[in-house]
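Residue numbers (the working numbering), protein chains in the order written: chain A, 396 to 590; chain B, 396 to 590.
(1) Which one or two residues does DSSP pair with residue 456 of chain B in a beta bridge?
(2) Hey, could you find the ends of the alpha helix (DSSP H) residue 509 of chain A is sitting in?
(3) Go ahead and label residue 439 of chain B buried or exposed: buried means 16 or more other beta carbons lie within 10 angstroms of its beta carbon, across all protein chains shown.
(4) Since residue 422 of chain B sits in a beta bridge, which residues does DSSP pair it with?
(5) So, residue 482 of chain A versus residue 453 of chain B, is the Cβ gap smaller than 9 angstroms?
(6) Terminal residues of the continuous alpha helix (DSSP H) containing residue 576 of chain A?
(7) Residues in its own chain within less than 8 angstroms of residue 586 of chain A by CB, not counting five upstream and five downstream?
(8) Taking 9 angstroms as the threshold (beta carbon to beta carbon), is residue 466 of chain B in contact with chain A?
(9) Between the alpha carbons of residue 576 of chain B and residue 540 of chain B, how many angstroms are there, rounded?
(10) Indicate the three-state DSSP secondary structure (helix, strand or coil) for residue 433 of chain A in the structure shown.
(11) Check whether the Cβ of residue 481 of chain B lies closer than 9 angstroms to any Cβ atom in chain A.
(12) Alpha carbon to alpha carbon, how far is residue 429 of chain B from residue 449 of chain A? Give it in angstroms, no decimals.
(13) Any chance the region 500-514 of chain B sits against the region 560-574 of chain A, with 3 or more Cβ pairs inside 8 angstroms?
(14) Residues of chain A with CB under 8 angstroms from residue 488 of chain B, in chain order?
(15) Which residues in the same chain have their Cβ closer than 8 angstroms to the Cβ of residue 525 of chain A, if we skip the five residues on either side of it in sequence?
(16) Check whether the Cβ atoms of residue 508 of chain B and residue 459 of chain A sit closer than 9 angstroms, and answer yes or no.
(17) Along the alpha helix (DSSP H) that carries residue 416 of chain B, what are the first and last residues, could you check?
(18) So, are the CB atoms of residue 388 of chain A and residue 584 of chain A less than 9 angstroms apart?
(19) Quick check: residue 408 of chain A and residue 572 of chain A, are their CB atoms within less than 9 angstroms of each other?
(20) Around the Cβ of residue 533 of chain A, are there at least 16 other Cβ atoms within 10 angstroms (buried) or fewer (exposed)?
(21) For residue 431 of chain B and residue 451 of chain A, what's the separation of their Cα atoms in angstroms?
(22) Candidates B:403, B:397, B:484: which alpha carbon is nearest residue 503 of chain B's?
(23) Report, in whole angstroms, the separation of the C-beta atoms of residue 549 of chain B and residue 528 of chain B, which I expect to be a contact under 8 angstroms.
(24) Spatial neighbours of residue 471 of chain A within its chain, please: CB distance less than 6 angstroms, with the 5 preceding and 5 following residues excluded, ordered by chain position.
(25) Would you mind stating whether residue 424 of chain B and residue 442 of chain B have Cβ atoms separated by less than 9 angstroms?
(26) For residue 434 of chain B, which residues from the same chain have a beta carbon less than 7 angstroms from its beta carbon, with the 5 sequence-adjacent residues on both sides left out?
(27) Roughly how many angstroms lie between the CA atoms of residue 590 of chain A and residue 582 of chain B, to the nearest whole one?
(28) I'd like to know whether the C-beta of residue 475 of chain B is nearer than 9 angstroms to at least one C-beta of chain A.
(29) With DSSP collapsed to three states, give me the class of residue 584 of chain A.
(30) Might you give, ordered along the chain, the residues of its own chain that have their beta carbon closer than 7 angstroms to the beta carbon of residue 558 of chain A, omitting 5 neighbours on each side?
(31) How would you call residue 521 of chain B, buried or exposed, if buried means at least 16 neighbouring beta carbons within 10 angstroms?
(32) Between residue 465 of chain B and residue 485 of chain A, how many whole angstroms is the CB-CB distance? I'm expecting something under 8 angstroms.
(33) Residues of chain B with CB under 7 angstroms from residue 470 of chain A, in chain order?
(34) So which of B:397, B:463, B:491 has the shortest CA-CA distance to residue 546 of chain B?
(35) Return the CA-CA distance between residue 553 of chain B and residue 518 of chain A, expressed in angstroms with no decimal places.
(36) Look at the alpha carbon of residue 473 of chain A and the alpha carbon of residue 467 of chain A, and state the distance between them as a whole number of angstroms.
Below you can see the structure in the form of structure tokens.
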């Protein structure tokens, strides 16, 4: 397995966390983000979206972090990180989807605008981001983990852009259940610290 | 199974298509969208996001269409609609994720702005939407289906907001492989016509 990534990418970080927890070896290929290597032809042939992470797995190319997490969890994680009963699989997928909706175009995009990496309306993205934090707090108020009563790839997928939400102008401390959940994630054996 | 939906909702339509194809019975609960029933307390207790579709399944509430598709496909669809090998599951999940990224905040949001249901930058959303159509055309140029060489929930998840892309100002006819794929979807036994 080969992971095309940058050290700063939160979506790449998700894969590194799961691989670290499950002790799965992979080859790291660092993309020169400052020189826009991810927007130029050799890389664009791997991923026309021009984004990291990309993974080469069993001779196939995957360009979405949810797909990477699903592959590693199913291949190496037994029933722990991605259970396979219809109801449990659906519950994990629901939070994977959430990591790609309000968390992505709310928390992540707001941070992108503040850091001058993205254009668009900060106010609009912060609105979605607050909805993300409210929903997480609502769920985590009486659950330790997002899905199925145990840590899964749902938690890993949602973690990085919540952890970095302050950079997008969010008052993370206003959501104590979310802060407590971030700490529970960080205490999992094998968890990698987010730089 | 109970499906809270509106007739106009593309995300609700995905569930209705899969249930129709697999001949799975469910109870339909029509939400009064014009009177904003989805933004008021009884419904908001089911789904704090204030969106349809929502499903009640085996006593649990799910508020994301990807989760609904995954549940129905795993429960009733054998290996056809959501295969379970790590590589195939990852491939389907990659396109489910895509249906919730560029298709969602590109094609769907642009249509929302044109139809005066959403605010935000039409130009920005159309930019993402064109990327969605380009990626789909790139993939479908030499594949009949989005994932694993057969129709799966990946195709169902991506279909509705591509089918309606013209309403968001997109030149769908500029992407012949996408048009051909829409027709292949519509020819599947049990497929429901999108109103």
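Virtual Cβ for every residue (Gly too), placed ideally from N, Cα, C.
On the basis of the supplied data:
(1) B:451
(2) 504-509
(3) exposed
(4) B:397
(5) yes
(6) 571-581
(7) 412, 415, 416, 580
(8) yes
(9) 7 angstroms
(10) helix
(11) yes
(12) 42 angstroms
(13) no
(14) 459, 461, 462, 465, 488, 491
(15) 501, 565
(16) no
(17) 405-417
(18) Absent from the structure is residue 388 of chain A, since the part of chain A shown begins at 396 and ends at 590.
(19) no
(20) exposed
(21) 45 angstroms
(22) B:403
(23) Contact flag wrong, Cβ pair sits at about 16 angstroms.
(24) 417, 419
(25) no
(26) 445
(27) 50 angstroms
(28) no
(29) coil
(30) 577, 589
(31) buried
(32) 5 angstroms
(33) 481
(34) B:491
(35) 29 angstroms
(36) 10 angstroms
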